[in-house]
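K.L.:
Shown below is the structure under consideration.
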Amino acid sequence: MTAAAKPDREISNISALIRKYNRQYYIGDTSDITDAEYDALMNRLLSLEREHPEFRREDSPTARVGSAPLSSFSTVTHNPPMLSLSNVFSREDFLAFHSRTVLELESNQVEYSVEPKLDGVSLSLVYENSMLVRAGTRGDGVRGEDVTDNARTIRSIPLRLNTGQPVNVEVRGEVFFMVKDFQKMNRTREEAGESPFANPRNAASGSLRQLDSAITAGRPLSFMAYATGQYPYGMETQEELFSKLHLWGFMVNPQNRICSTPERVMAVYDDLVEVRPDLPMEIDGMVIKLNSISQREGIGFLSRAPRWATAWKFHAEEIATALIGIEVQVGRTGRLTPVARLEPVKVGGVVVTSATLHNQDEVIRKDVRAGDIVLVRRAGDVIPEVVASLPPEDGIRGEVFRMPDECPVCNGPVVQPEGEVNLYCINPSCEARIRKSLEHWASRKALDIEGLGKKLCEQLVDAGMVSSIADLYSLNYHELTALERMGELKATKLFSALAESRKKPLSRFLTGLGIPGVGEVASRDIAEGFKNLEALGNATEDDLTAVKGIGPVTALSIRRFFTNPVTSEVVDQLAEAGFNPIEENTGKGTALADETIVFTGTLEMPRQKAKQLALKAGAKVISSITGKTTLLVAGKNAGSKLKKAEKLGIRVVSEEEFLESAKNGAASGDAAPSVCISSLL
């Protein structure tokens, strides 16, 4: 075996293993390995392909991590068109459809394929020689958008069909979220301070149509196949087609049924209504198709729908119940959400005792008050919500609901960031958000405390060792080393990192506090204007709005933070812990002073380090090309941002040129030590 053949063989073997485990998980609903072992295989394959790109195959499992962002989608044409379905909504409607079908066929011998109707997004997949070459959204049925790069990231879509002989085929199906995946994704988004998606269908559509396929790759989409553009040669029934699709490596719905009588179809409808709440995916009805392909061809099509199929849609279930009261919950990011407490009621097969009211604007719009009789439904069949309030018979209603001015958990100040409908508790030591506050305080963009990650933050809070940010600086060494996976070496390194964090400049300190509206750029501008914590604490709203980029809403948030007894105590506690942050070197006079920079492509140094280096040198950093951009730093494989910058005449420099310009401004700072710069030049 030659030296070159060894990595080639390992790449081939690992790729085959990953494809095998994908089929097990998505087709067989089982797995021989853990998630960690799967991730290790994928990471090894990525590493090998980076070292030996000449051995990377087009159908490599690593295609699922995404590719360079697109500036726009190209158009695909569907041949034959992806038609709509007619709808029925009752037994009478279905029996009328059945009667027309029997009349057209001139036969009572009909058999139906009955399939749960997934509430997702239709997708066409074109395979040539068994390899995925194109994926397109339904669009208007004739023309859709080319989302091939995004489709490749969905693990339940085979990149290569499991066929003995190469085949050319177009497979059609639905992209959607499994309920558990959607709920987990929303929890993760909320923990990261992002708004949760309202419902799985809209989230699936938005995720599939991302110009940056890396975003799609980060969302746990699934795909189920239910049709082909043209029937494979020799195929006689829908039942045979499902068997073929499953053999090729696609998920098919285990709830699919073959029914030989209309009575059996109606019984399946009743069964689906009953089990619907417990299904692993969202459905909004069922699709009824003639099982026989020859019978389908005999009946044919209308202009926009087949005559041999229809969709029996479920009715949205709305139930009336009493609204006991409205409570306000505080999430891990500090967001306040009004929640309706209800008399228990069964909605869609699930007993509901509470429902979201989203935000104060929604409560006012729906005019919901304690004591009302309200209509409740399960939004997207997952999150219960209050739809409307019914007027009481006696005309006497409770008081109009208003969100509190103080956090119901810690009594800290509440603010509404500019341009948002949500209110937030701004106390970083609030019991409801302390875990998230600790993670943010320790993050690279803030105090950059190495060794203080999400897991340790949770351990410290759960063990009762930390109830405020300042508690980090009075940790007991012996208690710390008693924690799981926290040995003496790790503890020593953590204490060293905590000591170093006391030396961080005022801008990092402000970023770490997490005041709404005060991110990295604003923190730097504020720190540059006030220099030290005492001056900032005494600043008026007028003083704050004099800082470039600080509006009245953000100024009010900052002022409330430093004057409210609850949050000002956080600052006092940190001062007692040894913090006296100042801002010395502003980067003025460097080659990057007052530049507005965008980074693109792959950099040799971590993107966050490059960003901090730019900020330290007096520049501002933004994420996308705008009219304010003055400089683009282009790494390897720069894409659409580079093209846009060149079109707009924006100056473009390499990473090396950027480092050369920034090093003088960063020489005395903490964002990028001189040794780091010299090692990269």
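Straight run, no breaks: the sequence shown in this note's numbering ends on number 690.
All residues carry an ideal CB built from backbone N, CA and C; glycine is no exception.
#1: Can you tell me the Cβ-Cβ gap for residue 664 and residue 644, rounded? I've got them flagged as a contact below 8 Å.
#2: Does residue 242 come out as helix, strand or coil in the three-state DSSP assignment?
#3: Under a three-way DSSP split, which group does residue 466 fall into?
#4: By Cβ distance below 6 Å, which residues in the same chain neighbour residue 343 in space, the five residues on each side in sequence not counted?
#5: Which of the three DSSP states, helix, strand or coil, is assigned to residue 12?
#6: Tell me the rounded alpha-carbon separation between residue 389 and residue 541.
#7: Name the two residues that bound the continuous beta strand (DSSP E) containing residue 299.
#8: Which runs of the beta strand (DSSP E) fall wholly inside the stretch 362-391 and span at least 3 residues, in chain order?
#9: Against chain C, with Cβ distances strictly below 8 Å, would residue 196 count as a contact?
#10: Check whether the Cβ atoms of residue 707 and residue 131 sit closer than 8 Å, and answer yes or no.
#11: Excluding sequence positions up to five away, which residues of its chain have a Cβ less than 6 Å from the Cβ of residue 479?
#12: What three-state label does DSSP hand residue 188 in the structure shown?
#13: How many Å lie between residue 511 and residue 292 at the Cα?
#14: Suppose you measure from the CA of residue 298 to the CA of residue 609; what does that come to, to the nearest Å?
#15: Quick check on the DSSP output: what are the complete beta strand (DSSP E) runs of length 3 or more inside the stretch 576-616, in order along the chain?
#16: With a 10 Å radius around its C-beta and 16 neighbouring C-beta atoms as the bar for buried, classify residue 169 as buried or exposed.
#17: Specify the secondary structure class of residue 660 as computed by DSSP and reduced to three states.
#18: Taking 8 Å as the threshold (C-beta atoms), are residue 83 and residue 149 in contact?
#19: To the nearest angstrom, how far is it from the Cα of residue 633 to the Cα of residue 650?
#20: Starting from the N-terminal side, write out each stretch of the beta strand (DSSP E) that is 3 residues or longer and does not extend beyond the stretch 306-368.
#21: Please classify residue 142: is it buried, with 16 or more other beta-carbons within 10 angstroms of its beta-carbon, or exposed?
#22: Do the stretch 209-222 and the stretch 242-255 meet, that is, are 3 or more Cβ pairs less than 8 Å apart?
#23: Report yes or no: do the stretch 356-374 and the stretch 302-318 share at least 3 C-beta pairs separated by less than 8 Å?
#24: What residue range is occupied by the uninterrupted alpha helix (DSSP H) comprising residue 169?
#25: Please state whether the Cβ-Cβ distance between residue 240 and residue 124 is less than 8 Å.
#26: Grab the span of the beta strand (DSSP E) containing residue 482 for me, first residue to last.
#27: Tell me which residue opens and which closes the beta strand (DSSP E) that residue 267 is part of.
#28: Per DSSP, residue 434 is paired with what?
#29: Apart from the five residues just before and just after residue 445, which ones in its own chain have a Cβ nearer than 7 Å to its Cβ?
#30: Kindly indicate which three-state DSSP category residue 393 falls into: helix, strand or coil?
#31: In whole angstroms, what is the alpha-carbon distance linking residue 449 and residue 437?
#32: Buried or exposed: residue 487, going by 16 or more other Cβ atoms within 10 Å of its Cβ?
#33: Based on Cα-Cα distance, which residue from 543, 524, 533 lies nearest to residue 558?
#34: From 126, 371, 606, 137, pick the residue whose C-alpha is nearest to that of residue 322; which is it?
#35: Tell me the residue span of the beta strand (DSSP E) that contains residue 131.
#36: Find the nearest neighbour of residue 454 within the set 27, 42, 112, 623, judged by alpha-carbon distance.
P.N.:
Short version:
#1: 5 Å
#2: coil
#3: helix
#4: 433, 434, 442
#5: Below a pLDDT of 50, predicted positions are generally treated as unreliable, and residue 12, at 46, falls in that range; no measurement from the model is reported.
#6: Any reading at residue 389 must be qualified, since the residue scores a pLDDT of 49, below 50, and its modelled position is unreliable; the value itself is stated next. When rounded, the distance between both Cα atoms is 50 Å.
#7: 292-299
#8: 382-388
#9: You won't find chain C in this structure, because it holds only one protein chain.
#10: The chain is shown only over 10 to 690; residue 707 falls outside these bounds and no answer can be derived.
#11: 582, 583, 586
#12: helix
#13: 54 Å
#14: 50 Å
#15: 605-609
#16: buried
#17: strand
#18: no
#19: 7 Å
#20: 318-322, 328-339, 344-356, 359-365
#21: exposed
#22: no
#23: no
#24: That residue, residue 169, is in no alpha helix (DSSP H); it is neither H nor E in DSSP.
#25: no
#26: Segment: none, residue 482 is in no beta strand (DSSP E) and carries neither H nor E.
#27: 266-268
#28: 423
#29: 200, 341, 342
#30: strand
#31: 9 Å
#32: exposed
#33: 533
#34: 126
#35: 130-137
#36: 623
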